[in-house]
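Reminder that position 148 of the sequence shown reads as 148 in UniProt numbering, one-by-one numbering, no gaps.
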Amino acid sequence: MVISMREVDPVFKGAGQKDGLEIWRIEKLQAVSVPRKSHGKFFTGDCYIILKTSALKNGSFCQEIHYWLGKDTSQDEAGIAVIKTVELDAALGGRAVQYREVQGNETEKFLSYFKPCIIPEEGGAASGFRQAVVNEREYVARLFVCKGKHTVQVKEVPFARASLNHDDILILDTKSKIFQFNGLNSSIQERAKALEVVQYLKDANHEGKCDVAVVG
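In C-alpha cells form, the structure reads like this:
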C-alpha cells in the first residue's frame, strides 16, 4: 500500500521527533491521540497504534511502529489500524519498522515499553461500525497468570482447575484482597516481577488500599 503525504492523517503531524512513546487509539474510525497519563491502558474492544522513537548518537531518530489489536475488536477497526499505521510510516519517511501485536501474544519488545505490565480492560471506545457497550458493574474478581523474569506477560485466565500449574505464578485480584500464588517451579526473579504486578493492581484498582497475601 503506497500512501502519499497528502493522504496522511494530520494527527500524525510532528510525530517521531522526540525520544519516547506516542500512542493513538482508533475511535469512530479515526486515530485519536492518547494522553501520556493513559499510556499503558488498553481496552479489549479497541485498536491502538504505538510509536516508539529512539534518539541515536548521530542526532537522528530510529522509529518502530506497533499496532495492537484487542481480542474483541472488529475487523473494520483492525483494518483502519493497518491503514493508519501505513499513514504514520509515510509521515516518518517510510523507514519505520512495523509490528503487529495481538492481545495475549504481544512481542517482548512491545511489552518492554510498559512497566511493570499491561492488563487490558474489558470494553472499548464507540465505533463507526458498532455501538459501544457501557458495562457498569460491581467489582468482579479476576485471575491472572504471570510469566517472565525480565519482561512480564500478564494474561487473564478462567477460574478453572486447568489454569493451575506448578510452573507459573497466579494472581487473584478480589474486591478486598490480592493473592499471589507462587508455583513450586517458579524462580525468585519471576516471583519478584509478579509482586510488581500485584503492586500495580493495588494502585490501579484499589487506590493503594487493600491487603496482599503471598502464598508459596
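Glycine included, C-beta positions come from ideal geometry on N, C-alpha and C.
As the structure is a computational prediction, the values presented were derived from the model and not from experiment.
Helix, strand or coil for residue i? Go by DSSP, reduced to three states.
i           : result
H166        : coil
N182        : strand
A160        : coil
D9          : coil
A192        : helix
K155        : strand
F110        : helix
A204        : helix
E136        : For E136, the predicted structure reports a pLDDT of 46, less than 50, and the residue's modelled location is therefore unreliable. A value from the coordinates is still provided. Reduced to three states, the DSSP call for E136 is coil.
residue 275 : Lying before the first or after the last residue shown, residue 275 is absent from the chain, which here runs from 1 to 216.
Q131        : Residue placement at Q131 is poorly supported in this model, since its pLDDT is 41, which falls under 50; the coordinates still yield a value, given next. Three-state DSSP puts Q131 in coil, outside helix and strand.
Give the straight-line distance between the Cα atoms of residue i and residue j, rounded to the nearest whole angstrom.
i           : j    : result
residue 220 : V157 : Because the chain in this structure spans residues 1 to 216, residue 220 falls outside the shown range and cannot be described.
G70         : V214 : 30 Å
Q98         : G14  : 19 Å
A31         : K37  : 18 Å
K84         : K28  : 13 Å
H206        : Q153 : 21 Å
A78         : I65  : 15 Å
H166        : G104 : 21 Å
A55         : V34  : 22 Å
A141        : L88  : 39 Å
T44         : V102 : 10 Å
W24         : K41  : 12 Å
Measuring CA to CA, which of the options is closest to residue i?
i    : options              : result
Q17  : Q180, G216, L51      : L51
G93  : F61, H66, V140, G124 : F61
P116 : T151, Q103, G216     : T151
C194 : I169, I80, G208, Y48 : As written in the sequence, residue 194 is Ala, which differs from the Cys given in the question. Looking at the Cα atoms, I169 is the closest of the given residues.
H67  : R95, I49, S112, T53  : It is worth fixing the name first, because residue 67 is Tyr in this sequence and not His. Per the Cα distances, I49.
I80  : V8, C47, R100        : C47
C146 : I171, Y200, G216     : I171
Mark residue i as exposed unless 16 or more other C-beta atoms lie within 10 angstroms of its C-beta, in which case mark it buried.
i    : result
A91  : buried
E22  : buried
F159 : exposed
P10  : exposed
E190 : buried
N182 : buried
T73  : buried
G128 : Confidence is the limiting factor: at G128 the pLDDT is only 41, short of 50, which leaves the residue's position unreliable, though a coordinate-based value still follows. Under this definition G128 is an exposed residue.
D19  : exposed
Exercise for the section: Pick out the complete alpha helix (DSSP H) segments inside the segment 13–93, 4 residues or longer, and give them in chain order. Expected result: 75–91
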